[in-house]
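Engineer: Here it is, the structure, as structure tokens.
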Amino acid sequence: MTDEDLYVDGDSARWAFGTGFTDPLHGVDQAVPESVDAEGLAACCLALGDDALVSAQRLAEWCTRAPELEEELALANIGLDLLGQARLLYSRAGQVDGTGRGEDAYAYFRDADDFRNVRLAELPCGDFAFTVARLLVLSVWRLAVCEALTAAPDPVLSAIAAKSVKELAYHRRYAAEWAVRLGGGTAESAGRMRAAWDALAPWLDELLTDRTAERLGAHPSAVAARTRAELSHVLAGAGLNRPGDAASRGTSASSMPGSGRDGAHTPQLAPLLAELQSVARAHPDASW
Amino acid sequence: MDITDHPAPAPGTPPGPYDPEAAFEDTIARDQRIEPRDWMPDAYRATLVRQIAQHAHSEIIGMQPEGEWITKAPSLRRKAILFAKVQDEAGHGLYLYSAAETLGADRADLTRRLIDGRQKYSSIFNYPTRTFADVGVIGWFVDGAAICNQVPLCRTSYGPYGRAMVRVCKEESFHQRQGYELLLTMMRGTDEQRAMVQDAVDRWWWPSLMMFGPPDADSPNSARSMAWRIKRHSNDQLRQRFVDMTVPQAEKLGVTLPDPELRWNGERGHHDFGTPDWEELKRVVSGDGPCNAERIARRRAAHEEGAWVREAAASYAAEQAVRTRDGVTA
Numbered sequence: 001m002t003d004e005d006l007y008v009d010g011d012s013a014r015w016a017f018g019t020g021f022t023d024p025l026h027g028v029d030q031a032v033p034e035s036v037d038a039e040g041l042a043a044c045c046l047a048l049g050d051d052a053l054v055s056a057q058r059l060a061e062w063c064t065r066a067p068e069l070e071e072e073l074a075l076a077n078i079g080l081d082l083l084g085q086a087r088l089l090y091s092r093a094g095q096v097d098g099t100g101r102g103e104d105a106y107a108y109f110r111d112a113d114d115f116r117n118v119r120l121a122e123l124p125c126g127d128f129a130f131t132v133a134r135l136l137v138l139s140v141w142r143l144a145v146c147e148a149l150t151a152a153p154d155p156v157l158s159a160i161a162a163k164s165v166k167e168l169a170y171h172r173r174y175a176a177e178w179a180v181r182l183g184g185g186t187a188e189s190a191g192r193m194r195a196a197w198d199a200l201a202p203w204l205d206e207l208l209t210d211r212t213a214e215r216l217g218a219h220p221s222a223v224a225a226r227t228r229a230e231l232s233h234v235l236a237g238a239g240l241n242r243p244g245d246a247a248s249r250g251t252s253a254s255s256m257p258g259s260g261r262d263g264a265h266t267p268q269l270a271p272l273l274a275e276l277q278s279v280a281r282a283h284p285d286a287s288w
Numbered sequence: 289m290d291i292t293d294h295p296a297p298a299p300g301t302p303p304g305p306y307d308p309e310a311a312f313e314d315t316i317a318r319d320q321r322i323e324p325r326d327w328m329p330d331a332y333r334a335t336l337v338r339q340i341a342q343h344a345h346s347e348i349i350g351m352q353p354e355g356e357w358i359t360k361a362p363s364l365r366r367k368a369i370l371f372a373k374v375q376d377e378a379g380h381g382l383y384l385y386s387a388a389e390t391l392g393a394d395r396a397d398l399t400r401r402l403i404d405g406r407q408k409y410s411s412i413f414n415y416p417t418r419t420f421a422d423v424g425v426i427g428w429f430v431d432g433a434a435i436c437n438q439v440p441l442c443r444t445s446y447g448p449y450g451r452a453m454v455r456v457c458k459e460e461s462f463h464q465r466q467g468y469e470l471l472l473t474m475m476r477g478t479d480e481q482r483a484m485v486q487d488a489v490d491r492w493w494w495p496s497l498m499m500f501g502p503p504d505a506d507s508p509n510s511a512r513s514m515a516w517r518i519k520r521h522s523n524d525q526l527r528q529r530f531v532d533m534t535v536p537q538a539e540k541l542g543v544t545l546p547d548p549e550l551r552w553n554g555e556r557g558h559h560d561f562g563t564p565d566w567e568e569l570k571r572v573v574s575g576d577g578p579c580n581a582e583r584i585a586r587r588r589a590a591h592e593e594g595a596w597v598r599e600a601a602a603s604y605a606a607e608q609a610v611r612t613r614d615g616v617t618a
């Protein structure tokens with residue numbers, strides 16, 4: 001059985017619910033258009049792919065630990081969406097960066113300083129409030145980026161972005177609903193939500209000043225403005241907005257120096273990758 | 289589905305005062321479904337709640353042995369397959385708790401009974417997963433055994449349980465194929481991988497045979513469940529079906545099932561096989577398996593650490609309900 005069996009034309013589509021996927025790249029010309037800067041395109045795919053993979057790995061850590069079964073399902077759903085986005089983006093990176101590498105080469109055989117994810121994605125899971133707050137920020141930002149990239153000059157990236165937009169709209173809704181629920185729930189949940197927001201605020205600037213997708217149509221200032229506006233709206237609904245919040249400001253004085261986009265990471269990324277890569281690296285000649 | 293409180297008598301039944309017990313027996317005898325609003329004997333209800341809750345708990349605890357490998361899966365494709373499978377198990381747990389709720393049970397109460405050790409789950413999930421080959425063997429054996437057990441349950445006499453099983457069985461079939469396909473791939477890989485597969489087969493074979501429960505002679509509740517058509521085949525019949533189904537798959541895969549007594553019996557038209565260690569099953573069911581304490585501890589920790597989230601959601605929902613009632617827009 002291959003992934004192709006899972007697509008709607010395969011017999012397996014009738015085997016189980018949720019397996020009748022449509023190949024998002026069906027009929028898309030995979031040649032890199034001459035007008036596209038291949039190096040920039042590969043860098044963009046890698047950065048967005050790394051954000052997605054690292055986020056999916058953190059969400060997978062929730063498996064069997066979620067506060068309720070419905071959240072178990074939802075967090076897995078979101079993790080699977082992001083894992084799927086990472087796979088498509090890595091495959092595209094391998095097609096355009098001249099190395100011909102497959103998705104697993106990017107995920108399993110690079111070290112932490114070769115990863116280009118934003119550091120917000122790699123921070124430890126924290127509690128459910130932190131997971132919700134981080135998911136809200138990352139999905140609002142990524143949705144703004146992907147919406148812009150649906151018009152990217154590379155047809156493959158454009159198709160991946162179009163698929164991602166549908167998924168991210170759900171991620172954003174899920175996170176926003178929980179942010180409001182926790183913010184307006186009990187004193188404890190409101191306190192945890194505020195603490196989560198304070199903990200992630202220093203990491204926002206890295207995201208809001210990111211220029212990775214600029215030359216492909218996602219302009220940083222427009223993405224940042226929209227991200228800030230949407231976050232402010234949700235935080236107001238959650239009763240968490242206050243003057244001076246990072247979401248309302250331009251750049252934060254307390255932001256962390258360096259950028260994951262340049263390979264500068266927190267000490268938390270290496271152990272995350274060690275776990276992710278442990279089996280693959282222990283059996284480098286194996287086929288899975 | 290019959291949603292009337294007084295279902296029409298079967299053709300040929302003489303008119304008379306409505307007798308709910310006779311109607312129940314008649315429904316069973318005609319192989320029709322009992323539905324939530326129908327009258328049912330207390331013992332039928334209690335048996336179903338116990339069985340469905342145990343099944344739901346098994347799905348939820350069953351996420352743990354394989355769930356440990358999601359973050360370590362050696363390819364992104366395997367990671368996605370495993371993540372989706374474990375998610376499916378959470379979904380099965382949800383359908384099953386919902387089916388139990390149609391009988392008047394409450395999910396939170398059932399969860400409490402699980403983590404207090406007052407209700408059981410399948411003993412198979414008290415064994416550890418030592419290598420990634422275990423993921424494939426669990427799909428092949430454990431999902432395969434679950435299919436043997438559950439396909440007949442699609443026709444079980446209680447409607448909501450049977451309908452939940454239809455969906456569960458479709459997904460379990462998919463999981464079994466995925467597990468077997470992982471093993472086929474590993475057997476085509478390195479010597480080390482082939483050894484991992486054989487080792488996992490050796491460790492999971494006997495516990496998988498125990499999934500069907502004790503031998504028929506030692507299964508006191510079976511006869512009544514069969515009479516009520518909750519169960520349709522005995523433990524030993526289902527175990528035989530599993531062995532017969534699995535032996536040719538093992539040959540195709542190129543692994544040896546760890547049973548020197550396993551051989552085809554042309555007279556019976558079935559495979560003969562050895563006797564599982566029933567003392568081991570008793571020990572594991574009674575809480576003394578390799579991972580019982582760890583599985584329950586993890587479930588308890590998740591439940592207790594999530595309490596503040598559930599309380600917040602309930603508080604928020606209650607406040608919204610008051611605002612809606614009072615006509616206040618949020």
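Protein chains in written order, with our numbering: chain F, 1 to 288; chain B, 289 to 618. Note that the Cβ used here is the ideal one computed from N, Cα and C, for glycine as well.
For Val28(F), which residues of its own chain have a beta-carbon under 7 Å away from its beta-carbon, when the five flanking residues on both sides are left out?
Structural biologist: Sequence index remark: in the first sequence, residue 28(F) carries index 28 (1-based). For Val28(F), where only same-chain residues beyond five positions count, the Cβ hits under 7 Å are Pro155, Val156, Ala159.
Engineer: Out of Arg366(B), Arg325(B), Arg401(B), point me to the one whose CA is closest to Ala341(B)'s CA.
Structural biologist: By one-based count along the second sequence, residue 341(B) stands at place 53. Looking at the Cα atoms, Arg401(B) is the closest of the given residues.
Engineer: In three-state terms, what does DSSP make of Tyr332(B)?
Structural biologist: As a first step, residue 332(B) must be located in the second sequence, where it is residue number 44. Helix at Tyr332(B).
Engineer: Determine, for Arg261(F), whether the minimum Cβ-Cβ distance to residues of chain B falls below 9 Å.
Structural biologist: One-based indexing of the first sequence puts residue 261(F) at position 261. So no, Arg261(F) is outside the interface.
Engineer: Taking just the CA atoms, how far does Ala396(B) sit from Pro305(B)?
Structural biologist: For the purposes of this step, residue 305(B) is taken as residue 17 along the second sequence, with counting starting at 1. For the purposes of this step, residue 396(B) is taken as residue 108 along the second sequence, with counting starting at 1. The alpha-carbon atoms of Pro305(B) and Ala396(B) are separated by roughly 40 Å.
Engineer: What does the Cβ neighbour count give for Asp113(F), buried or exposed, with the cut at 16 atoms within 10 Å?
Structural biologist: The count along the first sequence starts at 1 and reaches residue 113(F) at position 113. So Asp113(F) counts as exposed.
Engineer: How about Gln486(B) and Val423(B): do their beta carbons lie closer than 9 Å?
Structural biologist: Residue 486(B) sits at position 198 when you count from the first residue of the second sequence. Residue 423(B) sits at position 135 when you count from the first residue of the second sequence. No.
Engineer: Could you pull out every residue in the same chain whose Cβ sits closer than 6 Å to the Cβ of Ala196(F), ignoring the five residues on either side in sequence?
Structural biologist: For this step, residue 196(F) is matched to residue 196 along the first sequence. Contacts found: Ala129, Phe130, Ala133.
Engineer: Taking Arg551(B) as part of the beta strand (DSSP E), name the residues at either end of that continuous run.
Structural biologist: The residue labelled residue 551(B) in the question sits at position 263 within the second sequence. Run containing Arg551(B): 551-553, per the beta strand (DSSP E) assignment.
Engineer: Going by alpha carbons, who is nearest to Pro220(F) out of Pro33(F), Leu59(F), Val145(F)?
Structural biologist: Indexing the first sequence from 1 puts residue 220(F) at position 220. The candidate whose alpha carbon is nearest that of Pro220(F) is Val145(F).
Engineer: Which residue marks the beginning of the alpha helix (DSSP H) containing Asp198(F), and which one marks its end?
Structural biologist: For the purposes of this step, residue 198(F) is identified with residue 198 of the first sequence, where counting begins at 1. Taken as a continuous stretch (DSSP letters only), the alpha helix (DSSP H) holding Asp198(F) covers 187-200.
Engineer: If you run the structure through DSSP and keep just helix, strand and coil, what is Asp560(B)?
Structural biologist: For the purposes of this step, residue 560(B) is taken as the residue at position 272 of the second sequence. If DSSP states are grouped into helix, strand and coil, Asp560(B) belongs with the strands.
Engineer: Contact defined as beta carbons within less than 8 Å: I believe Trp327(B) pairs with Pro308(B). What is the distance between those atoms, to the nearest angstrom?
Structural biologist: Numbered from 1 along the second sequence, position 39 holds the residue referred to as residue 327(B). Numbered from 1 along the second sequence, position 20 holds the residue referred to as residue 308(B). Confirmed, about 4 Å.
Engineer: His343(B): buried (16+ other C-beta within 10 angstroms of its C-beta) or exposed?
Structural biologist: Counting from one through the second sequence, the residue named residue 343(B) turns up at place 55. So His343(B) ends up on the buried side.
Engineer: Examine chain B for any beta-carbon lying closer than 9 Å to the beta-carbon of Ser278(F), and answer yes or no.
Structural biologist: Within the first sequence, residue 278(F) is the residue found at index 278, counting from 1. Taking Cβ atoms only, chain B reaches closer than 9 Å to Ser278(F), which makes this a yes.
Engineer: Check each candidate in Ala511(B), Asp560(B), Gly554(B) and name the one with the smallest Cα separation from Arg527(B).
Structural biologist: Taking the first residue of the second sequence as position 1, residue 527(B) is located at position 239. Considering only alpha carbons, the answer is Asp560(B).
Engineer: Straight-line CA distance for Arg520(B) to Lys408(B)?
Structural biologist: In the second sequence, residue 520(B) corresponds to position 232, counting from 1. In the second sequence, residue 408(B) corresponds to position 120, counting from 1. Near 22 Å, if we compare the C-alpha coordinates of Lys408(B) and Arg520(B).
Engineer: Mind reading off the beta-carbon distance from Tyr90(F) to Ala107(F)? Whole number of angstroms is fine, and I expect it under 8 Å.
Structural biologist: Residue 90(F) sits at position 90 when you count from the first residue of the first sequence. Residue 107(F) sits at position 107 when you count from the first residue of the first sequence. So it is a contact: roughly 7 Å between Cβ atoms.
Engineer: For chain B, is any of its Cβ atoms less than 9 Å away from the one on Ser164(F)?
Structural biologist: Counting from one through the first sequence, the residue named residue 164(F) turns up at place 164. Not an interface residue.
Engineer: Name, please, each residue of chain B whose Cβ falls closer than 8 Å to the Cβ of Asn77(F).
Structural biologist: Within the first sequence, numbered from 1, the residue matching residue 77(F) stands at position 77. Chain B residues near Asn77(F): Gln375.
Engineer: Determine whether the beta carbon atoms of Met484(B) and Thr419(B) lie at a separation below 9 Å.
Structural biologist: Position 196 of the second sequence holds residue 484(B). Position 131 of the second sequence holds residue 419(B). In contact: Met484(B) and Thr419(B) (Cβ atoms closer than 9 Å).
Engineer: Taking 7 Å as the limit between beta carbons, can you name the residues of its chain near Ala452(B), skipping five residues before and five after?
Structural biologist: Position 164 of the second sequence, counting from 1, holds the residue named residue 452(B). Tyr383, Leu384, Ala387.
Engineer: Taking 9 Å as the cut-off, decide whether the C-beta atoms of Cys63(F) and Gly350(B) are in contact.
Structural biologist: By one-based count along the first sequence, residue 63(F) stands at place 63. By one-based count along the second sequence, residue 350(B) stands at place 62. Taking 9 Å as the Cβ cut-off, Cys63(F) and Gly350(B) do not qualify as a contacting pair.
Engineer: Using 8 Å as the cut-off, can you tell me whether the region 194-211 of chain F makes contact with the region 110-125 of chain F, which would need three or more C-beta pairs spanning the two stretches below that distance?
Structural biologist: yes
Engineer: Are Arg491(B) and Val425(B) closer than 9 Å when you measure CB to CB?
Structural biologist: Here residue 491(B) corresponds to residue number 203 of the second sequence, with the count starting at 1. Here residue 425(B) corresponds to residue number 137 of the second sequence, with the count starting at 1. Yes, they are a contact pair.
Engineer: Gln438(B) touches chain F at which residues, Cβ-Cβ below 9 Å?
Structural biologist: Here residue 438(B) corresponds to residue number 150 of the second sequence, with the count starting at 1. The contacting residues do not exist; Gln438(B) stays about 14 Å from chain F at best.
Engineer: What residues of chain B sit near Thr290(F), judged by a beta carbon separation below 8 Å?
Structural biologist: Outside the modelled stretch of chain F, which goes from 1 to 288, sits residue 290(F), for which no answer is possible.
Engineer: Would you please state the rounded distance, in angstroms, between the beta carbons of Pro153(F) and Pro33(F)? I believe it to be under 8 Å.
Structural biologist: Here residue 153(F) refers to the residue found at position 153 when the first sequence is read from its first residue. Here residue 33(F) refers to the residue found at position 33 when the first sequence is read from its first residue. The Cβ separation is near 6 Å, so the contact holds.
Engineer: Can you confirm whether the region 159-169 of chain F touches the region 566-586 of chain B when touching is taken to mean that 3 or more C-beta pairs between the two stretches lie within less than 8 Å?
Structural biologist: With the cut-off at 8 Å, the region 566-586 of chain B and the region 159-169 of chain F do not touch.
Engineer: Let me see if you follow: with CB-CB separation under 9 Å, is Asp29(F) close to chain B or not?
Structural biologist: Taking the first sequence and counting its residues from 1, the one referred to as residue 29(F) is at position 29. With a threshold of 9 Å between beta carbons, Asp29(F) makes no contact with chain B.
Engineer: What's the call for Arg318(B), buried or exposed, on a 16-neighbour Cβ count within 10 Å?
Structural biologist: The residue you call residue 318(B) lines up with position 30 of the second sequence. With fewer than 16 other Cβ atoms within 10 Å, it is exposed.
Engineer: Assuming Arg598(B) and Pro67(F) make a contact with CB atoms under 8 Å, what is their CB distance in whole Å?
Structural biologist: If you number the second sequence from 1, residue 598(B) lands on position 310. If you number the first sequence from 1, residue 67(F) lands on position 67. Right, their Cβ atoms sit about 6 Å apart.
Engineer: Please confirm if Phe530(B) has its CB atom under 9 Å from at least one CB of chain F.
Structural biologist: Taking the second sequence and counting its residues from 1, one reaches residue 530(B) at position 242. So no, Phe530(B) is outside the interface.
Engineer: Taking only beta carbons into account, state which residues of the region 430-462 of chain B come closer than 8 Å to chain F, listed in chain order.
Structural biologist: Arg455, Lys458, Glu459, Ser461, Phe462
Engineer: Just list the beta strand (DSSP E) runs in the region 563-601 of chain B, keeping only unbroken ones of 3 residues or longer that don't cross its boundaries, in chain order.
Structural biologist: none
Engineer: Per DSSP, what kind of secondary structure is Asp5(F) in: helix, strand or coil?
Structural biologist: Position 5 of the first sequence, counting from 1, holds the residue named residue 5(F). Since pLDDT at Asp5(F) reaches only 40, below the 50 mark, its modelled position is unreliable, and the value read off the structure follows with that caveat. DSSP places Asp5(F) within a helical segment (H, G or I) once states are collapsed to three.
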